[in-house]
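Working notes, structure below.
Number of protein chains: 2
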Amino acid sequence: MDRTSLIPALRNVATRLRIDSARSTSEAGSGHPTSCCSAADIVAAVFFAEMRFDPQQPHDRDSDRFVLSKGHAAPLLYAAWAEAGAFDRAELLKLRTFDSDLEGHPTPRLPFVDVATGSLGQGICAAIGSALNARRIGSDYRTYCLLGDGESAEGSVWEAADVAAMNRLDSLCGITDVNALGQSRPTMWQHDMEAFARRWRAFGWHAIVVDGHDMEALLAALAEARATKGQPTMILARTIKGKGVSFTEGKDGWHGKAFKKGEELNRAIAELEAQFVPEPAGTDLAADIPKPSMRSPEPPPPQPMPPPAYTLGQEVATREAYGVALAKLGAADSRVVALDADVKNSTFSDKFEKVAPERFYENFIAEQVMVGAAMGLAARGAIPFPSTFACFLSRAADFVRMAAISNVGIKLAGSHAGVSIGEDGPSQMALEDLAMFRAEPNMTVFYPCDAVSTEKLLALMAYHPGPAYMRTSRPKTPVIYGNDESFVVGGLKVLRESDNDVATVIGAGVTVFEALKAYDELKARGVAIRVIDLYSVAPVDGAALSAAGRATNGRMITVEDHYAPGGIGDAVAAAVAAAGLTVERLAIREIPRSGKPEELLDRFGISAKHIVEAVSR
Amino acid sequence: MDRTSLIPALRNVATRLRIDSARSTSEAGSGHPTSCCSAADIVAAVFFAEMRFDPQQPHDRDSDRFVLSKGHAAPLLYAAWAEAGAFDRAELLKLRTFDSDLEGHPTPRLPFVDVATGSLGQGICAAIGSALNARRIGSDYRTYCLLGDGESAEGSVWEAADVAAMNRLDSLCGITDVNALGQSRPTMWQHDMEAFARRWRAFGWHAIVVDGHDMEALLAALAEARATKGQPTMILARTIKGKGVSFTEGKDGWHGKAFKKGEELNRAIAELEAQFVPEPAGTDLAADIPKPSMRSPEPPPPQPMPPPAYTLGQEVATREAYGVALAKLGAADSRVVALDADVKNSTFSDKFEKVAPERFYENFIAEQVMVGAAMGLAARGAIPFPSTFACFLSRAADFVRMAAISNVGIKLAGSHAGVSIGEDGPSQMALEDLAMFRAEPNMTVFYPCDAVSTEKLLALMAYHPGPAYMRTSRPKTPVIYGNDESFVVGGLKVLRESDNDVATVIGAGVTVFEALKAYDELKARGVAIRVIDLYSVAPVDGAALSAAGRATNGRMITVEDHYAPGGIGDAVAAAVAAAGLTVERLAIREIPRSGKPEELLDRFGISAKHIVEAVSR
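In the order they appear, the protein sequences are chains P and W. Once you know that position 46 of the first sequence is 46 in my numbering, the rest is easy, because the numbers rise by one and skip nothing. When you read off a place in the second sequence, starting at 1, and then add 617, the result is the number in my numbering.
Written out as structure tokens, the structure is:
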């Protein structure tokens, strides 16, 4: 097909996308029409002269992908899918209303959105996951990602640049809409196109500078990107913010402003409508969108994962059990992938790498792209396990937030939780991670205390829908569960109980063993306590916790290797409040410091001694 | 002074630093001696032939600064300060023990550490703050920052690169220790020095490639950096990990491993001792360290900030009141600075910019460097207010964590909290920020509901020691406090009370007004409730809350525009648990979506209607 002949029709598509963006935001009374207008020609070219997809089957395994990293241009994205025939154009006027899925920024409530965007610098990371997935499943689908220029200040963009180049992701094509205006002022680089090109080239990308309103140049650049092998391509498109509406073109002060309905909108629409050009009769770009060109092979069916093979009392760190389990799961299910940030020998994800090196993605010390790529992989059917020290997952907190909004099944694991890591000191101790992960309403949070529960919970989180987090520990702990023990989302284990228990002590991870030590000490004094392993921190089993509390005179004590706010104490307290029960919380209450693990547990108030004291008070 | 003549003595310093690093980590039984050995020559050159400082006055206002961004090389830093005479070398053998401040990674418990490092990619951001501060106070001090090569994969490093170049920070000199080995494997770029140089040059830095073990080359590079005007310099030093100890040099598998005491350590020490060279008699590099070359002018004393000037009932968004207050405070106190991430016209920090443009630092869309630079500014005596949408502060969660460990006085502000922002949708709504900030044990958290409390609390947080966070809202809310109302850290306001109150309803920010609406509705039905404005979310006034709970039949209801875990409900519940009181929590419990603000408050369960229902249950 001679794409040049399509240009008049493509220009008309771009004009319609501008009109739709203007109308829908004006109807909503808010939104970013000028950010849509700068990118309208780009989107017209990518959707109607480049991508291979079926508008009726947006989830198709082999379809080209489009990720709108500059999520505030959502109305443009919606207009493009409407133009392609995915839904009725009239729907566009429901933009930003409660009963429409056409939200202010895109979310996967819409079938053609893989991951939620709107927090800048994330879409390009997810696009890497999408491109890695194509390689994983043996598909030739390509991934396109539209970025803003202001967005390029985000460090995550440069993490993505490194990782994409290192992986030679030539199926990935970025397009930066260089409209030179940020929200509050001109961007750092404005229209210095070479400043952009220099950066992308330095990071190993093929960079092409074009006029982003020149349809022929855009088509040529997209073709050049397609022909570029061994490296990803970034098309740097010089554009005008507000393009097509003369009173906004290149003007500061129009960011995030809808045209006022009436005169202002009418003037904008009239100007845009005047830009329609004659096109060859019978042109129907939407009808001519090419379908995916191949069917990638059906993945092999997942095999059952063999049961754990530990012996009671065996000393195994849960972080190591995590690595063992991940390798076993990876061998059984080709959808399972692992992502690392250069700590694979500490998190033991290197055990997975040995089993499935082609599904192990090293990101070096770049946690944002690690989690962002996992989001893209999950959205495309993989079951990704990104892992690092739990404290460094906070580097990707905003990605975790967007993963929750996306409701994608990323399975995060954080090792080296709490003061029990010892001498490395507070910078390496995760003491806020439970607060961070529990905050998200759809996040499953597991915190196993031994190797068997780690392995069982890992399999559970892999197949439970939505995002999940597992917290593992550095010190070795004894196996306390038999290999046939079963675990459930929202479950707990009562490890010690009698009819005479004076208190319920609830621990998780390393503090389970402090609670068991306290049990033994108290038992020697003739005092019985109930001990619970709260391996499922979110959700928690409120009914079982309340029952235990009621059975032990209403005395409930939580003990956790985590700061007090947002941790296990709060989780239990919230769950038992309706039963009229309160909770005493043993937790870390000051910034800790270096020292021996046992010393720190004791000095910061969460050792067996403190449990005994709390029970005895 | 002819620095070349110093070279033998500098080489001997480097050897001593290596020996100290080896000995101290072996004594501790853990640590990173090989990461120290690669950088020992660099540190010897910077400390003993370049920087101007007084080892006895590490906090001096005009001293050159050294930031160890690769914090795991802490033993090297400690050895350098001991070598300079800051403390007794024998202390080094207490490394990583509970009673020593020589922690596994550096923290400001030590007077010569400005900010805690150990989470990679942060020190370089703090160094920018340090360099900006020199400009602020009119000092000629220079800031040196040692990075690891693996660390350069962190996006925050490239945010820093952009911001430093944009600000033409020629007083900033970075040195990257390119030892080619990460924790778990060779780094992405290994010894491809041009890959590094290309990146830094593309980002606008002067880049110099040197052999990091060639003392003469290092001195020349440092001199070149000092002579470079108008842009920051990055010295890219090619080094060998484990340099000086033959059996570790360039070997994988030695990261983070101390030499075993006995034969292994002895062999390392013997090899290192053999590297001492003759030096000119009477050389005493420590004694010859030049003092700071100037005294910067004394800052003008802060003036009293004028009282607020609002009228009761006036409708003002707290985000706007924040901007007004910040501008007033900035006019009164030259230590106050503001940092933005291209949303100044939404957070209203642009009001500060108008008053004090020279103390307003634009970071464009790069939240990590914004917060990291604020850490450096705070460590050097400024009172920095970094602000953006509250949800995007999660991008800098790991920086907030390290700021808490550093206990530096950064004053964060997050606008557009909660579903009350409306149509923009969940990606722009902060619903986890209270959980994130409350988690840190030394963080003060304020959440004002009106303009007067915003202004008063802003002044309070500015001068309260340690890190603090203020949450502001998008919608306009009426002024309910008089301009002379007083507020305290850990305080609250009882807005409605009677002897017949059947429940205590606790809100903050926008939900205060939902609680007041509920009060009116219930009053019309003859039901009285107590209404509390919990403007201080951390710490909370547990005694006053408990008293209110007891006075209202033990019925306490919290209502917050935040997810349930880690928010106001948990804060109140933890504070009143000891009084045997439980709390019913009205909070956001699912991923929200776009819609009108009032519609969202209602649909997601935190409107007046839901409060009335809860009270009536």
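For each residue, glycine too, the CB sits at the ideal point set by N, CA and C. Only a predicted model underlies this, so the values are computations on that prediction, with no experimental measurement involved.
- Counting only Cβ-Cβ distances below 9 Å, H722 of chain W has contacts in chain P at D424, G425, P426, S427, Q428, S594, in chain order.
- Counting only the Cα atoms, A1076 of chain W lies some 41 Å from V660 of chain W.
- Assignment of beta-bridge partners to G253 of chain P by DSSP yields no partner.
- When the five nearest sequence neighbours on each side are left out, the beta carbons in the same chain lying within less than 6 Å of the beta carbon of A944 of chain W are those of K968, F969, V972, in order along the chain.
- Around the beta carbon of A74 of chain P, 16 or more other beta carbons lie within 10 angstroms, which makes this residue buried.
- For C145 of chain P against V210 of chain P, the beta-carbon gap comes to about 16 Å, at or over 8 Å, which does not count as contact.
- Around the beta carbon of M461 of chain P, 16 or more other beta carbons lie within 10 angstroms, which makes this residue buried.
- Counted as a single uninterrupted DSSP element, the stretch harbouring R1091 of chain W is not any beta strand (DSSP E), since DSSP gives it neither H nor E.
- Distance from the CA atom of P1001 of chain W to the CA atom of R816 of chain W, rounded to whole angstroms, is 30 Å.
- Just measuring C-alpha positions, the residue of W:V780, W:V1154, W:G947 sitting nearest V1062 of chain W is W:V1154.
- No Cβ of chain W is located within less than 7 Å of the beta carbon of V336 of chain P.
- CA-CA distance, A631 of chain W to D766 of chain W, rounds to 20 Å.
- If the five residues before and after H823 of chain W are omitted, its C-beta is found closer than 6 Å to the C-beta atoms of T845, Q848, T850, all from its own chain and listed in chain order.
- Taken through DSSP and simplified to helix, strand or coil, S387 of chain P comes out as strand.
- Under the Cβ criterion of 7 Å, M370 of chain P is not counted among the residues facing chain W.
- For K241 of chain P, the number of other beta carbons within 10 angstroms of its own is at least 16, and it is reported as buried.
- Interface flag for N345 of chain P against chain W is set, since a Cβ pair is found closer than 7 Å.
- With 16 or more other CB atoms across the displayed protein chains lying within 10 angstroms of its CB, R23 of chain P is buried.
- The Cβ atoms of D1118 of chain W and I1149 of chain W lie no closer than 7 Å to each other.
- Setting aside the 5 residues that flank it on each side, P307 of chain P is surrounded in the same chain by N483, each with a C-beta closer than 6 Å to its C-beta; the list follows chain order.
- For N1170 of chain W, the number of other beta carbons within 10 angstroms of its own is below 16, and it is reported as exposed.
- Bridge pairing for I269 of chain P: absent [DSSP].
- G702 of chain W sits in coil when the DSSP states are folded into three classes, being neither helix nor strand.
- Residue ranges of uninterrupted alpha helix (DSSP H) with 4 or more members are absent from the region 12 to 36 of chain P; none lies entirely inside it.
- Using a Cβ-Cβ distance cut-off of 8 Å, the region 424 to 433 of chain P and the region 716 to 729 of chain W are in contact, since at least three pairs of beta carbons, one from each stretch, lie closer than that value.
- With contacts defined by Cβ atoms closer than 7 Å, P672 of chain W and A701 of chain W form a contacting pair.
- At least one CB atom of chain P sits nearer than 7 Å to the CB of F715 of chain W.
- DSSP places L1010 of chain W in no alpha helix (DSSP H); its state is neither H nor E.
- According to the DSSP assignment, T1071 of chain W belongs to the alpha helix (DSSP H) that extends over 1068 to 1080.
- Look at I1038 of chain W here: in three-state DSSP terms it is helix.
- In this structure D570 of chain P is not in contact with G491 of chain P, their Cβ atoms being roughly 19 Å apart against a cut-off of 8 Å.
- Within the same chain, no residue comes within 6 Å of G1212 of chain W by CB-CB distance, once the 5 residues on both sides are set aside.
- Inside the region 670 to 732 of chain W, DSSP marks whole alpha helix (DSSP H) runs of 4 or more residues at positions 691 to 701, from first to last along the chain.
- Residues of the region 1181 to 1198 of chain W with a Cβ closer than 9 Å to any Cβ of chain P, in chain order: A1181, P1182, G1183, G1184, G1186, D1187, A1188, A1190, A1191, V1193, A1194, A1195, A1196, G1197, L1198.
- In this structure, M1173 of chain W keeps its C-beta atom at 7 Å or more from the C-beta atom of G1184 of chain W.
- For G1143 of chain W, the number of other beta carbons within 10 angstroms of its own is below 16, and it is reported as exposed.
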